[in-house]
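> Pasting a structure below so you can have a look.
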Amino acid sequence: MYMQEQEDEIIPYIVESREDTGLYNAKFGIWLFLASEIMLFGSLFSSYILLRVGASSWPVQSDFLNVPIGALNSVILITSSMFIIRAWTSLKANDFKKFQKFMWLTIVFAIFFLCFKGVEYAQHFMHHEYPKKSVFLALYFLMTGLHALHILGGIIVNIYYVSSGSRLWSTNPRWFTNRIEVAGLYWHFVDIIWIFLFPTLYLF
Amino acid sequence: MSISKKPSHDASFVQKYVFSTDHKIIGIQYGLTSLFFLLFGFGLMMIMRWQLAYPGHALPVMGTIFGENNMPGGIMLPEFYNQLGAMHGTIMVFLGVVPLGFGGFGNYLIPLQIGAKDMAFPRLNLLSYWIFFAAGGLMLASFFLPGGPTGNGWTSYPPLSDLAHDGQSIWLVGMFLIIISSLFSSINFIVTIFQLRAPGMTFERLPFFIWAQLVTAFLLLLAFPPLEGAAFMQLMDRLLGTSFFLPSGLDVSGQVLTNISGGGNALLWQHLFWFLGHPEVYVIILPALGIVTEIIANNTRKPISGFNYMRYSVIFLGFLSFIVWSHHMYLTGMGTNVTAFFQTTTMLVSIPSVIIISGLFITLWGGSIRFNSPMLFALAFLPMFGFGGLTGLPLGLATTDIPLHDTYYVIGHFHYVVAPGVIFAIFGGIYYWFPKATGRKMNETLGRLHFWPTLICMNLVFFPMLIQGIAGVNRRLYDGGESYLFMHDVLYWNVIISWAVWVMAVAQIPFIFNFFWSIFQGEKVTSDNPWEATTLEWAAPTPPPHGNFTKKITVYRGPYEYSLEGASKDYSPQFEKDI
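Taken in order, these protein sequences are the chains called B and Y.
In my numbering, each residue carries its 1-based index in the first sequence increased by 126.
In my numbering, each residue carries its 1-based index in the second sequence increased by 1370.
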């Protein structure tokens, strides 16, 4: 808390937006972070294209992967994204209880996503489908694994904001609302990555 | 150095100087750490130069301390030579020059020059430094692995690096940490520059140093993550047995690898690496250009000529750096159309580069130049950097690149850019901003004793490499080319180069002594603006306290308003309303 207060005195535009950029610091920062994330996942998608185009044969992906679970997971993640928006708008409407409800729903749905992902992984391992079996499986595990790590990171941050991190609500509600908006932006990004991953890996 | 003015915050020593969130402390931490790594990487090279000058001879005095596995009887083994070379490149680039120019100078100066009290995210800044520190520690620790550090060159090309010993995995984890650290820094720098500018500090009034740092930050932000992806893939290849970079039917020492799935592509790594690797070159150069511009404007007492063009050039340079990476790969058989594209974009790079260098040269015209230590280094930077750039042209054209590729010509070329170029700019920057950070000037005599021998030795080291390279001497030969008859005519240069390197090491002693001695004993500065400069950092107290400025900062004019007509003195600071 000591550091937060000190920071607040020194650094402007934590809560308010700067007039000429129209942003507060954290929102600007998260957009930059997401830009770099696009480059990270972009490199993996490019690698996927390069390796697939250069391959002498490529497995029929939908035979290998569980399309129904993948589709279900897409629905779960999109729903979870919707919940985090509701959590943020609840704060905007000054309704902290409702925020808590929707934030927990966001988290629970994200955990559902990871559980289904875990079921899929377990199925692969039972059939001895390890990353080293083929380049396709290696790409599948790398891309979905990295995405799952991003989900996990989001879950941890969201749990923090709905538990001990939410104390900021009582001292500086607008700052706290900003933080939830930033968390929401990240969460949507993770969602969008999945929307690209699912057809690329499961359907095409 | 900085003492909090707030009575209620009595931060402990550790909070103030070790885990500090103050951008100035973090900048100094970055600076000192990377200066150490520069010296360390230079040390690796000095050992290598013995082997190149006197291949197969036992290294005198310290030959035995490297152990029987590396240098039995003081004679260097080829594997150890490769490890030294790989670590020299990695350490100099990723732990030396970049963190010094970006992390060190950027952290210290960006908030000061834009009139901010600190970075936008001070705790992220702290985290960024300590991740960098951990990465450095990891790289150093890899020297103590049973097999030693990685020996695959700083580029770590597979399949070799996929199959190499454990040092390579440590290298990959270290690189991953370095990228995370620079990602945090770059987000911080960009947000700070956009959000925390003082009133009146419009984009037109930002100093060139800030523009250079801003473009650098965007390059780090967008060009580095792909190597993170590549590092994951190579780690999976090494630890989980995947085949991202291993093609089917790969032949290793006469035997086809059968325990892999194959189907990978070794060139994929090269594309991902150079997508980082080429913007990396500009990450190295741009902060140096920024430093030199500040020094030259101040010491010619003139506005920078063509400042507007330079600003647009640096942005254009940033864009171009993303679409030239494959000029490192002409020999891979990409096809003539791809080659033609990358050849064209590479040649386009010369336009903004020449605009910037010409702008700085023309600024000298008619200036009343002050030949102090920072200015000497900045002046030497111009021709040396220019020479480095010009020697790059034959490498950017596929036809001339084919015979020159992987020869000492390449080594000579990029070292001209980095060593007497960027590192000279960094030296100049240290002499120039030292009074702001410590309140004392560095000694001028020692500065000259540092400058002249270093300049001469730099040229004795790198010019002969161009000659050797044109004669066909390959880089990465651990005997310096002795086993190739056709190289013998130019091998006598190896001895000259090596002695020049060692003399240059001696020439750094005045600098190191000067640096530490001047902190305590240097000539005290009598004002906050000892160089009579115009930018905002000189409005802050010396050394700047926590929160930087003691008065309210408003910016009234552009960054380089020297010798204005009708002004009362030959400099009109950005922060003074009445001139």
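Positions of the beta carbon are idealized from the N, C-alpha and C atoms, including for glycine.
Nearest to E161/B by alpha carbon, out of N1884/Y, L1479/Y and L1589/Y?
Inspection of the sequence shows that residue 161/B is occupied by Ala rather than by Glu. Comparing Cα-Cα distances from A161/B to each of N1884/Y, L1479/Y and L1589/Y, the minimum goes to L1589/Y.
> State yes or no: is the beta carbon of N1439/Y nearer than 7 Å to at least one beta carbon in chain B?
False, the Cβ-Cβ gap to chain B never drops below 7 Å.
> Give a yes or no on whether the minimum CB-CB distance between P257/B and chain Y is below 7 Å.
Closer than 7 Å: yes.
> Return the Cβ separation of I277/B and A213/B in integer angstroms, given the expectation that the two are a contact with Cβ distance under 8 Å.
That belief does not hold up - the Cβ atoms of I277/B and A213/B are roughly 17 Å apart, past 8 Å.
> Spell out a yes or no on whether the segment 1591-1605 of chain Y and the segment 166-176 of chain B are touching, meaning 3 or more CB-CB pairs, one atom from each, closer than 8 Å.
In short, these stretches touch, since the Cβ pair count reaches three.
> Please check the pair M1857/Y and V1843/Y, which I expect to be a contact at CB under 8 Å, by giving their CB distance rounded to whole angstroms.
Rounded, the Cβ-Cβ distance is 5 Å, consistent with contact.
> Does N304/B have its Cβ less than 7 Å from a Cβ in chain Y?
N304/B does not count as touching chain Y.
> Taking buried to mean at least 16 other C-beta atoms within 10 Å of its own C-beta, is N1707/Y buried or exposed?
Classification of N1707/Y: exposed, given that the 10 Å Cβ count is below 16.
> Taking the DSSP output, what are the residues bridged to D1621/Y?
Note: D1621/Y sits in a beta bridge opposite V1626/Y.
> Tell me, please, whether the CB atom of A264/B is closer than 7 Å to any CB atom in chain Y?
Cβ-Cβ to chain Y under 7 Å: yes for A264/B.
> Just to confirm, are P1913/Y and H1820/Y a CB contact at a threshold of 7 Å?
Cβ atoms of P1913/Y and H1820/Y: not closer than 7 Å.
> Going by DSSP, what residue range makes up the alpha helix (DSSP H) through L217/B?
Taken as a continuous stretch (DSSP letters only), the alpha helix (DSSP H) holding L217/B covers V193 to K218.
> Is the Cβ of R212/B closer than 7 Å to any Cβ of chain Y?
With 7 Å as the cut-off, R212/B does not count as an interface residue toward chain Y.
> Where does the unbroken alpha helix (DSSP H) through H250/B begin, and where does it stop?
Here the alpha helix (DSSP H) through H250/B covers F222 to M252.
> Residues in the segment 179-196 of chain B with C-beta within 8 Å of chain Y's C-beta atoms, listed in sequence order?
Taking 8 Å as the Cβ-Cβ cut-off against chain Y, the residues of the segment 179-196 of chain B that qualify are G180, A181 and S182.
> If I follow the unbroken alpha helix (DSSP H) through H1648/Y, where does it start and stop?
Segment A1636 to T1670, the alpha helix (DSSP H) holding H1648/Y.
> Taking the alpha carbon of I210/B as the reference point, which residue from E246/B, L327/B, W313/B and I318/B has its own alpha carbon closest?
Ranking the options by Cα distance to I210/B, first place goes to W313/B.
> Out of L1470/Y, V1925/Y and K1894/Y, point me to the one whose CA is closest to E1907/Y's CA.
Comparing Cα positions, the closest option is V1925/Y.
> Keeping to the same chain, check which residues put their C-beta closer than 8 Å to that of A1568/Y; ignore five residues upstream and five downstream.
Counting only Cβ-Cβ distances below 8 Å, and skipping sequence neighbours, we find I1484, G1485, A1486, L1906, I1923, T1924 and V1925.
> Which residues in the same chain have their Cβ closer than 7 Å to the Cβ of V1468/Y, if we skip the five residues on either side of it in sequence?
Same-chain partners within the cutoff: V1653 and I1654.
> Taking C-beta to C-beta, are L1494/Y and F1554/Y nearer than 7 Å?
The answer is yes: Cβ separation under 7 Å.
> Could you tell me which chain Y residues have their CB closer than 7 Å to the CB of I136/B, listed as they occur along the chain?
Residues of chain Y passing the Cβ test: K1487, D1488 and G1917.
> Counting only C-beta atoms, is F1564/Y closer than 7 Å to chain B at any point?
Yes, its Cβ sits closer than 7 Å to a Cβ of chain B.
> Is it right to say M1415/Y is buried, meaning 16 or more other beta carbons lie within 10 angstroms of its own, or is it exposed?
Classification of M1415/Y: buried, given that the 10 Å Cβ count is 16 or more.
> For T1525/Y, name the three-state secondary structure that DSSP assigns.
Three-state result, T1525/Y: coil.
> What residues in the segment 1576-1596 of chain Y bring their beta carbon closer than 8 Å to a beta carbon of chain B?
Here the close residues are L1591, L1592, A1593, F1594, P1595 and P1596.
> Which term fits K1375/Y, buried or exposed, when burial requires 16 or more other beta carbons within 10 angstroms of its beta carbon?
Confidence at K1375/Y is low in this model, with a pLDDT of 41, below 50, so the placement of that residue is unreliable and no value is reported for it.
> Measure from the alpha carbon of W295/B to the alpha carbon of each residue in V261/B, G310/B, N220/B and L272/B, then state which is nearest.
Minimum Cα distance to W295/B is reached at N220/B.
> Can you give the beta carbon distance from Y1499/Y to I1398/Y, rounded, assuming they're within the 8 Å contact cut?
Not confirmed; about 10 Å, so no contact.
> So that I know if they touch, is there some Cβ in chain Y lying closer than 7 Å to that of F330/B?
Closer than 7 Å: no.
> Enumerate, from N- to C-terminal direction, the unbroken alpha helix (DSSP H) stretches of 4 or more residues contained entirely within the segment 1777-1865 of chain Y.
Entirely contained in the segment 1777-1865 of chain Y, the alpha helix (DSSP H) runs reaching 4 residues are, in chain order, 1778-1787, 1794-1808 and 1814-1840.
> Are there 16 or more other CB atoms within 10 angstroms of the CB of H1458/Y, so buried, or fewer, so exposed?
Counting Cβ neighbours within 10 Å, H1458/Y comes out buried, since at least 16 surround it.
> Starting from the Cα of F1794/Y, find the closest Cα among E1814/Y, A1841/Y, Q1421/Y and M1745/Y and give me that residue.
Of E1814/Y, A1841/Y, Q1421/Y and M1745/Y, the residue nearest in Cα terms is M1745/Y.
> Can you give me the C-alpha to C-alpha distance between V1626/Y and S1531/Y, rounded to a whole angstrom?
Using only the alpha carbons, I get a separation of about 17 Å.
> Who are the neighbours of V1561/Y on chain B, taking C-beta pairs under 8 Å?
By Cβ distance, chain B contributes N151, F154, G155 and L158.
> Please check if any C-beta of chain B sits within less than 7 Å of the C-beta of S1551/Y.
No, no contact with chain B.
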